[in-house]
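*Asks:*
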Amino acid sequence: MERLQNALHRAREKRGEAAESTMRTAKPRSGGGGGGNSAEIAARWEALKPFTPNPRALQQTRVVSYFGKQQATPFDLMRTKVVQQCKAKGWKRLVVTSATPKCGKTTVTANLSFSLARQTDLRIMVIELDLRRPSLAKVLGLKEPHYFAKVLAGEERAEDHLVCHGGNLAFGTNLAAEANSSELLQSIKTRETLQALEEYYKPDLTIFDTAPLLASDDTIGFLEYVDAALLIAAAEQTTIEELDVAESEVSEMTEVMGVVLNKCRYSAGGYGYEYGYGYGYGQY
Ligand SMILES: Nc1ncnc2c1ncn2[C@@H]1O[C@H](COP(=O)(O)OP(=O)(O)OP(=O)(O)O)[C@@H](O)[C@H]1O
Ligand SMILES: [Mg+2]
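With the first letter of the sequence shown counted as 1, position 95 gets the number 217 in my numbering; the numbers rise by one all the way through.
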């Protein structure tokens, strides 16, 4: 992890981006408007279709934070860092992405969301935006035909495609891939729909599980909409060069909240998740 941080630090210095980063304002892009008192907002969440995960399915897909206790510790720590940064900077929209496929974006998104939701004063919305190869439903063990892309396109109602766990964790997933994903993600309709959703449900944080950055323009085109991004790197898989390019691309469009090093075989905790937030390469 230290080597990774040092390499990122050097790359960032080389690009001369550190100065630029400190000059950025912390103004969030998320809107804060919308109507409804707290009882009305609570009722909207209660009206969502309930989702009770199958523990065996979650165990199989490595969604260990659902179970709490010791195995959730790495994600609980990550949750605390995320909440602290979001509160300090007023961030409400977070993208989870990676340079290349299969680094663990969806697995980390699911784990982080269950950890966040165990803090019951928070309301968390998780929206799947990897529309080329959606897998969040599978990772969660959701078999119902939900297609959140239809909501983004303005064709169907959000409440028909959202499910809610424990009254404060909503998931918008897709059971199948969507053609024209790039155009949909960059459309004004998608932005308007997400904005309306945010104003109606007023989540404390919306997490977007996305496609790999370097595989298509789907995620790059969406980054300008969010407040920050969490970059997932996979040990023995993601190269420093890939991570550097990804970090550079993300930092041009939004804030880099941190880098999560996933799939560590030799992590101190033994669960294969390590994470670094702003270590040697700038406090984001
Ligand atoms: N910490 C980990 N240790 C071992 N395997 C892991 C870990 N995290 C995720 N995986 C496995 O790696 C594979 C890819 O994970 P996941 O689908 O979460 O990645 P992704 O980045 O979302 O992939 P894609 O780019 O296809 O969306 C899955 O089989 C998952 O179970
Ligand atoms: Mg994924």
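Even glycine gets a Cβ: it sits at the ideal position worked out from N, Cα and C.
Are the beta-carbon atoms belonging to ILE354 and VAL217 less than 8 Å from one another?
*Replies:* Going by C-beta atoms, ILE354 is not nearer than 8 Å to VAL217.
*Asks:* Can you tell me whether ARG387 is buried or exposed, with buried defined as 16 or more other CB within 10 angstroms of its CB?
*Replies:* Exposed, by the Cβ-count rule.
*Asks:* Excluding five sequence neighbours on each side, which residues of the same chain lie with their C-beta closer than 6 Å to the C-beta of ALA280?
*Replies:* Cβ within range, chain order: VAL273 and LEU319.
*Asks:* Which residues in the same chain as THR341 place their Cβ atom closer than 6 Å to its Cβ, once the five residues preceding and following it in sequence are excluded?
*Replies:* Hits under 6 Å: THR219, THR332, ALA333 and LEU335.
*Asks:* Measure the C-alpha to C-alpha separation of ALA89 and HIS268 and round it to an integer number of angstroms.
*Replies:* Nothing can be reported for residue 89, as the shown portion of the chain is limited to 123 through 406.
*Asks:* For ligand 2, any of its heavy atoms closer than 7 Å to the Cβ of THR228?
*Replies:* Indeed, a heavy atom of ligand 2 lies less than 7 Å from the Cβ.
*Asks:* Specify the secondary structure class of CYS386 as computed by DSSP and reduced to three states.
*Replies:* Three-state result, CYS386: coil.
*Asks:* Would the C-beta of CYS225 count as close to ligand 1, meaning under 7 Å from any of its heavy atoms?
*Replies:* Flag set: Cβ of CYS225 near ligand 1.
*Asks:* Do three or more CB pairs link the region 285 to 298 to the region 165 to 182 at distances below 8 Å?
*Replies:* With a cut-off of 8 Å, the region 165 to 182 and the region 285 to 298 count as touching, because enough Cβ pairs lie within range.
*Asks:* Does the beta-carbon of GLY181 have 16 or more other beta-carbons within 10 angstroms, so that it is buried, or is it exposed?
*Replies:* The sequence shown places Gln at residue 181, not Gly. Label assigned to GLN181: exposed.
*Asks:* Quickly, what does DSSP pair THR231 with across the bridge? List them, please.
*Replies:* Its beta-bridge partners do not exist; DSSP assigns none.
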